C-alpha cells in the first residue's frame with residue numbers, strides 16, 4: 009500500500025456513507041441484477057465498457073433472450089453474436105465474449121471460473137476490474153473494481169494528480185479501491201461505486217452539494233472538482249478516407265462482404281471499400297456484368313477512438329456478380345438476414361430500403 013494516498017475516510021466510514029446513499033439513490037432494478045448469475049453479470053460488464061446503462065439495457069435483454077446461457081453463446085455462430093451486438097460498437101468486445109464462452113466450455117466445464125480474479129483474467133476480453141465486478145456481484149466474495157466511474161470518483165475524493173492511465177497513478181487508485189472494498193454486501197457495494205460515479209460524481213456537472221462525501225472531498229475543497237481526473241494527453245486525430253461501394257442487383261439487393269476476423273470491424277459484414285475510384289472501377293470490371301455508376305452520395309464521417317473515417321458511398325447497379333461470389337452475400341434490405349453489420353453500413357442500408365426496385369417494398373426491421 010506504499011503508493012496509496014491518505015484515504016479520505018476510514019474504510020468502514022466510507023462504506024457506510026456509500027451504502028446509505030445507495031440504499032436510497034442507487035439502481036436496484038437493472039436486468040442483470042435479477043437473476044444475478046456470473047454469466048449475466050459478465051455479459052453486462054462487457055456491454056457496459058464504453059457504453060452507458062440506458063443504451064445497454066435493450067441490447068442486454070435481446071442478447072439474453074437469444075443466448076440465455078454460456079453454452080448457448082459458445083455454440084452460436086459468430087455472425088449471430090455480432091448481429092445481436094450491431095450498434096453497440098467496439099466489436100472486439102463481442103468477438104472476445106464469444107471466444108471466452110468457448111474457452112469456458114472447453115476448459116472450465118461450461119462455467120465461468122470465478123474462483124479468482126486471475127483465472128477470470130485469463131479469458132479473452134476480461135481485465136482486472138471486470139473480473140472483480142463479476143466475482144463481487146455474482147459470488148459475494150471480496151474483489152475490487154476500478155472502472156472509469158470509480159477512477160473518477162476516487163481521483164476527485166483524493167485530488168490525485170496525473171492522468172489515471174499512467175501506471176503509477178493507476179497503482180495508487182487500485183490501492184484505494186482495495187482499501188475501501190468491504191467483506192460484506194459486495195454486490196451492493198460494487199454497484200454503489202459504479203452508480204455513484206455514473207449518477208452523482210459525473211464527468212460533467214457533478215452534484216457536489218448533495219454528495220455524501222462533500223465534507224471530505226479534496227477536489228471539492230479546492231473548488232475545482234472537474235479538474236480531476238487529469239485528461240489523457242491529446243494527440244492529433246488522423247483522418248482516413250474510403251469509398252464504400254453500394255452495389256445493387258436487379259432485385260434491389262446489396263452486395264456485402266465479410267471483414268477479416270481482426271482489425272477494423274473484424275468479422276462484421278460491410279460494403280466493399282476502396283481507397284481510390286480507379287480501384288473500384290477495376291473491381292467492377294473484374295467482378296460484375298454491365299455495371300452502371302450513379303451519383304455518389306454525400307460523404308460523412310464516422311469517428312473511432314483513434315481516427316476518423318470519411319466515407320463516400322458510391323451507388324452502382326449491375327446485372328450480376330461473378331468473380332467474388334464466394335466472398336460475400338446479396339443482402340435483401342426488406343428481409344435482412346441475421347448478420348453483424350458495421351454501424352455506418354447499417355445506416356446506409358436502412359436508407360436504401362425505400363428505394364428498392366421491388367414496387368411494393370416492406371420496410372426493414374432491425
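Numbering (my numbering), first residue to last: 9 to 374. Note that CB positions come from ideal geometry on N, CA and C, so glycine has one too. Note that the structure is predicted; figures quoted are calculated from it, not measured.
> Is the segment 65-79 touching the segment 168-188, taking contact as three or more C-beta pairs under 8 Å?
Replying inline: no
>> Measuring straight from C-alpha to C-alpha, what distance separates residue 304 and residue 256?
In response: 14 Å
>> With distance defined between alpha-carbon atoms, name the residue in 301, 338 and 180 nearest to residue 163.
In response: 180
> Whose CA, out of 264, 346, 308 and 238, lies closest to the CA of residue 247?
Replying inline: 308
> Should the segment 99-106 be regarded as contacting the segment 116-123, the criterion being three or more beta carbon pairs within less than 8 Å?
Replying inline: no
> Among the residues of its own chain, which have a CB less than 6 Å from the CB of residue 365, if the five just before and after it don't count?
Replying inline: Its pLDDT being 33, under 50, residue 365 is placed unreliably in this model, and the coordinates cannot settle the point.
> When the Cα of residue 16 is compared with those of 135, 54 and 184, which residue comes out closest?
Replying inline: 184
>> Taking the alpha helix (DSSP H) that residue 236 belongs to, which residues open and close that run?
In response: Careful: residue 236 lies outside any alpha helix (DSSP H) and carries neither H nor E.
>> Pop quiz: residue 341 and residue 357 are said to be a contact at Cβ under 8 Å. What is the actual Cβ separation, rounded to whole angstroms?
In response: 5 Å
>> For residue 143 and residue 105, which I take to be in contact (beta-carbon distance under 8 Å), what is that distance rounded to the nearest angstrom?
In response: Contact flag wrong, Cβ pair sits at about 17 Å.
> Which one or two residues does DSSP pair with residue 143 in a beta bridge?
Replying inline: The partner list for residue 143 (beta bridge, DSSP) is empty, contrary to what the question assumes.
>> In this structure, how does DSSP classify residue 134 when only helix, strand and coil are distinguished?
In response: coil
>> Runs of 4 residues minimum, wholly inside the segment 197-232: which ones carry the alpha helix (DSSP H) assignment?
In response: 226-230
> Nearest-angstrom Cα distance between residue 128 and residue 293?
Replying inline: 51 Å
>> Which of the three DSSP states is assigned to residue 339 in this structure?
In response: strand
>> Using CA atoms only, rank isn't needed, just tell me which of 155, 187, 177 and 80 is closest to residue 21.
In response: 187
> Based on Cα-Cα distance, which residue from 85, 324 and 41 lies nearest to residue 347?
Replying inline: 85
> Which residue spans inside the segment 162-200 form an unbroken alpha helix (DSSP H) run of at least 4?
Replying inline: 175-188
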